[in-house]
Structure formats: C-alpha cells, structure tokens
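Trainee: Here the sequence shown stands for residues 1 to 119, where the numbers follow the working numbering. Positions of the beta carbon are idealized from the N, C-alpha and C atoms, including for glycine. A quick note: this is a predicted structure, and the numbers were derived from the prediction, not measured. Please read through the structure below; I'll follow up with questions.
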Amino acid sequence: MSELHKPQIEVYWSNLLVTLELLDYVLQGIEEEGVPYHTVQQELPSDATQLSAKAALESSLEVGIGWDNQGNLALHHRRLPDNESLFRADWPHTPESLRLFGSHAARLVKGLPFKFQQP
1 MSELHKPQIE VYWSNLLVTL ELLDYVLQGI EEEGVPYHTV QQELPSDATQ LSAKAALESS
61 LEVGIGWDNQ GNLALHHRRL PDNESLFRAD WPHTPESLRL FGSHAARLVK GLPFKFQQP
C-alpha cells in the first residue's frame, strides 16, 4: 500500500521556519491519540490554511495539518471550504500548544471532543 493511501493524517510543513524539533511536538500529540500520520516537507511558500487543505485532500482520513513558513499552523477537514480551517494557531508556539494541536487533529479523526488548555 502506498504512503498516500494508508489511513493517516497528512502533515504538510514548510522547510523555511519549522524545525524537526518543533514538528516533533505536533507529531507527539497525534501519536498520543494513536492515529498514524505522514509528513511532507514543502519547498514553496504557502499559507497554513492552503497547506492544510491540500494535506486534507491527500489524507485518506480527510484530515490535514499545514504549517507555513511564517510559523502559523492550520487544521483542516476535507469537507470544509479550502479557504477555511477548523483551528489555526499563529506563531509563536509552546511545546504544549504544539502537542495539543496534534491532539486536535487526531481527535477530529476519532470523533472525540477536543482538549483545551486550562487558563
């Protein structure tokens, strides 16, 4: 089975700002929920919402994350309009907020309520 047809969340990220260390926090949030993922590094600059819509379109689970070259994150479901995202998080991020963002993507797949940080 090819990578693009496995049941997984697609994570499209820009190589201009995002480091592997930062990306790993998002992936940990997905892993903690037990959902598989696939990452694709993007060379061309693109908006987080556009990246997440593209990722959701390629995901067999219909869920995608986009992380643009300005550090902004977006979570998208294939059923949303391409210019909208379910969640968006602008730069800067903490490790906790990145893990929570990954958790949101996995919980969207599983149909579970989203977790939010306490104030």
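Apart from the five residues just before and just after Ser59, which ones in its own chain have a Cβ nearer than 7 Å to its Cβ?
Mentor: In the sequence shown, residue 59 corresponds to position 59, counting from 1. Closer than 7 Å at the Cβ level, and outside the excluded window around Ser59, lie Gln8, Ile9, Glu10.
Trainee: Quick one: grab the DSSP three-state call for Phe101.
Mentor: Translated into the one-based positions of the sequence shown, residue 101 becomes position 101. Helix.
Trainee: How far does the alpha helix (DSSP H) with Asn66 in it reach, from first residue to last?
Mentor: As a working note, residue 66 is residue 66 in the sequence shown. Per the sequence shown, residue 66 should be read as Gly rather than Asn. Residue range 63-67 is occupied by the beta strand (DSSP E) that includes Gly66, with no alpha helix (DSSP H) assigned at that position.
Trainee: Let me check one thing: in DSSP terms, what residues is Val40 bridge-paired to?
Mentor: To locate residue 40, count along the sequence shown from 1; it is residue 40. Bridge partners of Val40: Tyr12.
Trainee: Let me check one thing: in DSSP terms, what residues is Leu75 bridge-paired to?
Mentor: Against the sequence shown, residue 75 aligns to sequence position 75. DSSP output for Leu75 lists Ile65, Phe87 as bridge partner(s).
Trainee: In the DSSP assignment, find the alpha helix (DSSP H) that holds Asp131 and state where it starts and stops.
Mentor: Residue 131 lies beyond the stretch modelled for the chain, which goes from 1 to 119, so this question has no answer here.
Trainee: Please report the Cβ distance between Ser52 and Ile65, rounded to the nearest whole angstrom; I am assuming they are in contact, meaning their Cβ atoms lie under 8 Å.
Mentor: If you number the sequence shown from 1, residue 52 lands on position 52. If you number the sequence shown from 1, residue 65 lands on position 65. Indeed, because the Cβ distance is near 6 Å, the residues count as touching under 8 Å.
Trainee: Counting C-beta neighbours from all protein chains within 10 Å, is the total for Glu68 16 or more, i.e. buried, or is it exposed?
Mentor: Here residue 68 refers to the residue found at position 68 of the sequence shown. The displayed chain sequence assigns Asp, not Glu, to residue 68. Burial call: buried.
Trainee: For Gly111, does the count of other Cβ atoms within 10 angstroms reach 16, so buried, or fall short, so exposed?
Mentor: Taking the first residue of the sequence shown as position 1, residue 111 is located at position 111. Looking at its Cβ environment, which holds fewer than 16 other Cβ atoms inside 10 Å, Gly111 is exposed.
Trainee: Let me confirm a value: Pro119 is counted as buried when at least 16 other C-beta atoms fall within 10 Å, else exposed. Which label applies?
Mentor: The residue given as residue 119 occupies position 119 in the sequence shown. Any answer about Pro119 is weak, because its pLDDT of 46 lies below 50 and its placement is not dependable; what the coordinates show is given next. Under this definition Pro119 is an exposed residue.
Trainee: Taking its Cβ as the centre, do 16 or more other Cβ atoms sit within 10 Å of Ala56, making it buried, or is it exposed?
Mentor: Position 56 of the sequence shown, counting from 1, holds the residue named residue 56. Buried.
Trainee: Tell me which residue opens and which closes the alpha helix (DSSP H) that Val26 is part of.
Mentor: Taking the first residue of the sequence shown as position 1, residue 26 is located at position 26. Element bounds for Val26: 20-32.
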